[in-house]
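Asker: Handing you this structure, nothing more for now.
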Amino acid sequence: MNDTMAASSHRIMLGPLVAAIDQGTSSTRFLVFNSKTAELLSHHQVEIKQSFPKEGWVEEDPKEILQSVYECMERTCEKLTQLNIDITNIKAIGVTNQRETTLVWDKETGEPLYNAIVWLDLRTQSTVERLINKTPGRNKNHLKHKTGLPISTYFSAVKLRWLMDNVAEVHEAIVSHRAMFGTVDSWLIWCLTGGKSGGVHCTDVTNASRTMLFNIHTMDWDPELCKYFGIPMEILPRVRSSSEIYGLMKSGELSGVPISGCLGDQSAALVGQMCFQDGQAKNTYGTGCFLLRNTGAKPVMSDHGLLTTVAYKLGRDKPACYALEGSVAIAGAVVRWLQDNLGIISSSEELEKLAASVCTSYGCYFVPAFSGLYAPYWEPSARGIICGLTQFTNKSHLAFAALEAVCFQTREILDAMNQDSGIPLTQLQVDGGMTSNRLLMQLQADILCIPVVKPSMPETTALGAAMAAGAAEGVSVWSLNPEDLTEVTSEKFEPQINPEESEYRYARWKKAVQKSMNWETTEPVFNGNGETSIFSSVPLGFYIMGSMLMLIGARYIAGHN
1 MNDTMAASSH RIMLGPLVAA IDQGTSSTRF LVFNSKTAEL LSHHQVEIKQ SFPKEGWVEE
61 DPKEILQSVY ECMERTCEKL TQLNIDITNI KAIGVTNQRE TTLVWDKETG EPLYNAIVWL
121 DLRTQSTVER LINKTPGRNK NHLKHKTGLP ISTYFSAVKL RWLMDNVAEV HEAIVSHRAM
181 FGTVDSWLIW CLTGGKSGGV HCTDVTNASR TMLFNIHTMD WDPELCKYFG IPMEILPRVR
241 SSSEIYGLMK SGELSGVPIS GCLGDQSAAL VGQMCFQDGQ AKNTYGTGCF LLRNTGAKPV
301 MSDHGLLTTV AYKLGRDKPA CYALEGSVAI AGAVVRWLQD NLGIISSSEE LEKLAASVCT
361 SYGCYFVPAF SGLYAPYWEP SARGIICGLT QFTNKSHLAF AALEAVCFQT REILDAMNQD
421 SGIPLTQLQV DGGMTSNRLL MQLQADILCI PVVKPSMPET TALGAAMAAG AAEGVSVWSL
481 NPEDLTEVTS EKFEPQINPE ESEYRYARWK KAVQKSMNWE TTEPVFNGNG ETSIFSSVPL
541 GFYIMGSMLM LIGARYIAGH N
């Protein structure tokens, strides 16, 4: 009721409003902000269904994603109307999205040609291994000088290559010049600006920099990279800045409103946290965990397993800014796994209660390498493990170990970032859904041995997209001048344990990580029915072969006695 009253009492003073579509891995949101105060006025959220057709495969339905956006827009507009807020005051819309997730659709029918292959998906592991084996010295960083990225299942180019090689509809559409490729931002902007009837096929520099087809120095698609992956450049969207008018909404209550901001979710959070200065950093706790540090106008290459990425380019004529990024695949996803797969909790709030009931993992360590390990290892053969179990271990200890895993993974990427920059961070700015877990935030401060600072308005990703949209030329309702930026209220979590204990636990974690590696062999061996053979696992293969030889040997000896 308080929110309603607050919004109602402000309505006379409300300036121009700016909206943001926040299309994440697990949900879609539509949020509306006051451009003068950065106050969140209303929002609506819809969960997105993920499907796992085979082990390691993660897909989402592009039509469901689009429908969720329309639903969130409608519901939010209804809520604003109930608050007596005039929706014609919405002057611009920004888009922020899960990055790398790959879609191909038919530009004539507007239909997706396959499900969206999600960034977490591992089906391209054998493709990645083949590509790495072809490079001089089997070097996964072979393309890093142009892309800032290692060759990995994570990025869009290998997913697109898989679609071209394995989905007949995609292959045919490319041959007949009907195919369009895009990440989630491109799909949404194309659909919202008219789709097959004149929709705008574009992306922004931050999303393009996650495809492995984009040269982060020339700031455009790279013909050599496209040739390397065998991808025709005609299917790629046009690359634009993160803040300019791309097109107008073509339907619904917001028809005619410009879409004028576009940022990959982690870049949007960097903007929303106001990290505009070289050296400022933020960590977002979503499905995965992403630490970005602004490195200014020059791309900095990492020697410690971090990615070099485009942070933002806030205007057609503005310079691009770059960031170093530490990417962790599984953070919030571990909560969903404990809930959906193991059934030991029924909500994320329950996880915090369980963990708080023991306040220790009792020597249990959980490495959630469900999609291999990302930064700083880039080890696709790793798999999840839980170790250090005793008869005393119960589900509360496991819940605590899951939260600790998120914090330890953040510590690893923070260490790498401090080594790369030579200037250690003195505090960590945080955001994302998991930051509502106060135990997690305290744990994070304890494990990093530095304070953790959480803004009181947690929707920094959506705020960043709204800021980019509102600041665009032709909209200009949101000033990004440092003196005009709103002061952010925040809460600080100080470390409460001694550094020796923290270091001891971290060393045990590193030991557990080593045990999770080299678990999976890359090339699956299929039997005649197209199913993976038990011999695709080298250790298991050796074990079975060894056992058979021992049995044969034993029978042979027995026969001679």
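No gaps in the numbering here: position 393 of the sequence shown is 393 in full-length UniProt numbering, and each next residue is one more.
Virtual Cβ for every residue (Gly too), placed ideally from N, Cα, C.
(1) Helix, strand or coil for Cys202 per DSSP?
(2) Between residue 568 and Arg383, is the Cβ-Cβ spacing less than 9 Å?
(3) Going by the beta-carbon positions, is the gap between Leu120 and Thr393 smaller than 9 Å?
(4) Please report the distance separating the alpha-carbon of Ser536 from that of Pro495.
(5) Round the Cβ separation of Arg21 and Ile48 to the nearest angstrom and send it over; I've been treating them as touching at under 8 Å.
(6) What residue does the beta strand (DSSP E) around Asn97 start on, and which one ends it?
(7) Could you tell me the distance, in whole angstroms, from the CA atom of Ala19 to the CA atom of Val358?
(8) Excluding the 5 residues flanking Leu351 on each side, which residues of the same chain have their C-beta closer than 6 Å to its C-beta?
(9) Quick one: Cα of Pro458 to Cα of Asn97, how far?
(10) Where does Gly182 sit, in a helix, a strand or coil, going by DSSP?
(11) Which ranges would you report for the alpha helix (DSSP H) in the segment 327-384 if only whole runs of at least 4 residues count?
(12) Is the distance from the Cβ of Leu122 to the Cβ of Met212 below 9 Å?
(13) Skipping 5 residues on each side, what residues in its chain have a beta carbon closer than 7 Å to that of Val58?
(14) Using DSSP with H/G/I as helix, E/B as strand and the rest coil, what is Glu59?
(15) Which of helix, strand or coil does DSSP assign to Thr460?
(16) Considering only C-alpha positions, which residue in the set His44, Cys191, Glu111 and His145 is nearest to Val170?
(17) Go ahead and pull the three-state DSSP assignment for Gln514.
(18) Just to confirm the assignment, what range does the alpha helix (DSSP H) spanning Asp165 have?
(19) For Cys321, list the residues DSSP reports as bridge partners.
(20) Ignore the nearest five residues each way along the sequence and tell me which others in Thr513's own chain have a CB closer than 6 Å to its CB.
(21) If you drop the 5 nearest sequence neighbours on each side, which residues of the same chain put their C-beta closer than 7 Å to that of Glu224?
(22) Under 8 Å Cβ to Cβ from Leu188, same chain only, skipping five residues before and after it: list those, please.
(23) Considering only DSSP beta bridges, list what Val32 is partnered with.
(24) I need the DSSP call for Glu47, collapsed to helix, strand or coil.
(25) Leaving out the 5 sequence neighbours to the left and right, which residues in its chain are closer than 8 Å to Thr81 when beta-carbon positions are compared?
(26) Could you spell out where the alpha helix (DSSP H) holding Asn418 opens and where it closes?
(27) Terminal residues of the continuous alpha helix (DSSP H) containing Glu244?
(28) Could you give the residue range of the beta strand (DSSP E) that holds Val128?
(29) Closest to Val32 by C-alpha separation, out of Arg505, Asp106, Asn498 and Met467, would be which residue?
(30) Which one of Lys511, Lys159, Asp265 and Val453 has the shortest CA to CA distance from Arg29?
(31) Cβ of Leu41 versus every heavy atom of the ligand HEM: is any distance shorter than 8 Å?
(32) One question on the structure: do Ala416 and Gly305 come within less than 9 Å of each other, judged by their Cβ atoms?
(33) Nearest-angstrom Cα distance between Glu71 and Pro424?
(34) Rounding to the nearest angstrom, what Cα-Cα distance links Tyr506 and Ile330 in this structure?
(35) By DSSP, does Asn283 sit in helix, in strand, or in coil?
(36) Are Asp431 and Ala269 close, meaning C-beta to C-beta below 9 Å?
Answerer: Result, derived from the coordinates:
(1) strand
(2) Missing from the structure shown is residue 568; the chain here goes from 1 to 561 and no further.
(3) no
(4) Any answer about Ser536 is weak, because its pLDDT of 42 lies below 50 and its placement is not dependable; what the coordinates show is given next. Their backbone Cα atoms lie some 46 Å apart in a straight line.
(5) Arg is not the amino acid found at residue 21; the sequence shown has Ile there. So it is not a contact: roughly 13 Å between Cβ atoms.
(6) Ile90 to Asn97
(7) 42 Å
(8) Val335, Ile345 and Ala399
(9) 16 Å
(10) strand
(11) 332-337 and 348-358
(12) no
(13) Gln50, Phe52, Val118, Leu120 and Asp121
(14) strand
(15) helix
(16) Glu111
(17) helix
(18) Ser156 to Asn166
(19) Tyr312
(20) A quick correction: the sequence has Val, not Thr, at residue 513. Cβ within range, chain order: Val367.
(21) none
(22) Ile21, Gln23, Ile65, Leu66, Val69, Val95 and Asn97
(23) Ala19 and Ser42
(24) strand
(25) Ile87
(26) Lys395 to Ser421
(27) Per DSSP, Glu244 belongs to no alpha helix (DSSP H); it is in the beta strand (DSSP E), Ser243 to Leu248.
(28) Segment Gln125 to Lys134 is the alpha helix (DSSP H) holding Val128; no beta strand (DSSP E) there.
(29) Met467
(30) Asp265
(31) Among the components of this structure there are no ligands whatsoever, and the ligand HEM is therefore not found.
(32) yes
(33) 44 Å
(34) 18 Å
(35) strand
(36) yes
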